[in-house]
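Going by full-length UniProt numbering, the first residue of the sequence shown is number 1, and it counts up by one from there.
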Amino acid sequence: MLAIYMRKVLAQLNFALRNKSEQYPDALKAIFLLNNTLYLLQGLQRSGLLDVLMLAEPECEANYRDMIQEHKNAYLQSWNKLLAHTVLDEPLPAKLRDKDRQMLKDKFSSFNREWEEISRVQRGYSVPDAELREALKRDNKQALLPRYSALHERAAALPFSKNPDKYVKYTPVQIAAQLDGYFDEAA
1 MLAIYMRKVL AQLNFALRNK SEQYPDALKA IFLLNNTLYL LQGLQRSGLL
51 DVLMLAEPEC EANYRDMIQE HKNAYLQSWN KLLAHTVLDE PLPAKLRDKD
101 RQMLKDKFSS FNREWEEISR VQRGYSVPDA ELREALKRDN KQALLPRYSA
151 LHERAAALPF SKNPDKYVKY TPVQIAAQLD GYFDEAA
């Protein structure tokens with residue numbers, strides 16, 4: 001009886017969390033749901049109530065873990081707009097033409113603008129759980145660094161501008177360092 005009641009209460013709580021999350025932009029929505037879903041699961045585990053709940057819903061823990069993964073994936077999708085700026089549509093010729101120079105300027109300018117906006121916003125996101133915080137930082141690096149490094153490596157040394165520092169503002173090391181500053185638990 002208690003397990004059935006708990007299942008109903010948790011279903012209502014999950015519904016309320018999803019409704020509340022709708023007021024946030026996609027990245028923050030995913031972080032909000034991640035934090036709260038993990039907190040719920042950990043609270044159920046600590047209290048021993050997860051065992052009681054599993055009497056009525058044996059797959060309860062797996063369902064919460066699936067939700068956590070779903071929210072992580074939703075968060076990672078928030079990087080897609082930035083990642084689009086790291087893709088070169090065609091290989092760069094040995095001798096750059098004017099359109100190649102302009103394309104590189106546009107790529108780096110767009111990347112910089114998007115990166116600075118994401119950094120400004122996401123530095124304020126808080127992830128209290130240390131394990132989740134480190135996992136998100138690792139996932140961010142795995143999603144962004146290889147692609148940005150490839151763009152940086154292929155294009156940064158090319159003479160596409162008289163003022164390359166205006167366009168190539170960040171090295172991959174600087175991007176990684178900034179990612180390490182995300183999700184401060186006190187934010």
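Every residue gets a Cβ at the ideal spot worked out from N, C-alpha and C, and that includes glycine.
query: Thinking C-beta only, is Leu41 closer than 8 Å to Tyr75?
result: No.
task: Let me know if residue 193 comes out buried or exposed under the rule of 16 or more other beta-carbons within 10 Å of its beta-carbon.
output: A query on residue 193 cannot be resolved here, the shown segment of the chain reaching from 1 to 187 and no further.
field: Cβ pair Val168, Ala176 closer than 8 Å
entry: Cβ distance not < 8 Å, so Val168 and Ala176 don't count as in contact.
- request: Take the Cβ of Gln122 as the centre, count every other Cβ of all protein chains shown within 10 Å, and call the residue buried at 16 or more, exposed below.
  value: In this structure Gln122 is buried. Its beta-carbon is surrounded by 16 or more other beta-carbon atoms within 10 angstroms.
task: Could you tell me how far apart the beta carbons of His71 and Leu33 are, in whole angstroms, since I believe they sit closer than 8 Å?
output: A Cβ-Cβ distance of about 5 Å is found for the pair His71 and Leu33, placing them in contact under the 8 Å criterion.
query: For Ile31, is the classification buried or exposed, using 16 other Cβ atoms within 10 angstroms of its Cβ as the cut-off for buried?
result: By the neighbour-count rule (16 or more Cβ atoms within 10 Å), Ile31 is buried.
task: Going by CA-CA distance only, name the one from Asp129, Tyr5 and Ser110 that's closest to Val52.
output: Proximity to Val52 across Asp129, Tyr5 and Ser110 peaks at Tyr5, based on C-alpha coordinates.
From Gly181, Ala3 and Pro159, residue whose alpha carbon lies closest to that of Arg97: The residue with the shortest Cα to Cα distance from Arg97 is Pro159.
- prompt: Where does Leu83 sit, in a helix, a strand or coil, going by DSSP?
  reply: It is helical.
message: To the nearest angstrom, how far is the alpha carbon of Tyr170 from that of Asp26?
response: CA-CA distance, Tyr170 to Asp26, rounds to 25 Å.
Start-end ranges of the alpha helix (DSSP H) lying completely within the segment 126-165, minimum 4 residues: Secondary structure in the segment 126-165: the alpha helix (DSSP H) runs of 4 residues or longer, each lying completely within the stretch, are 130-155 in chain order.
field: Alpha-carbon spacing of Tyr182 relative to Leu28, whole angstroms
entry: Rounded to whole angstroms, Tyr182 to Leu28 spans 13 Å at the Cα level.
message: With the cut-off set at 8 Å, would you say Leu38 and Asp129 are in Cβ contact?
response: Closer than 8 Å, so yes.
Whole-number beta carbon distance between Glu61 and Met54, since they are thought to touch under 8 Å: So it is a contact: roughly 7 Å between Cβ atoms.
- request: Please name the residue in Lys95, Leu83 and Gly124 whose C-alpha comes closest to that of Phe108.
  value: The residue with the shortest Cα to Cα distance from Phe108 is Leu83.
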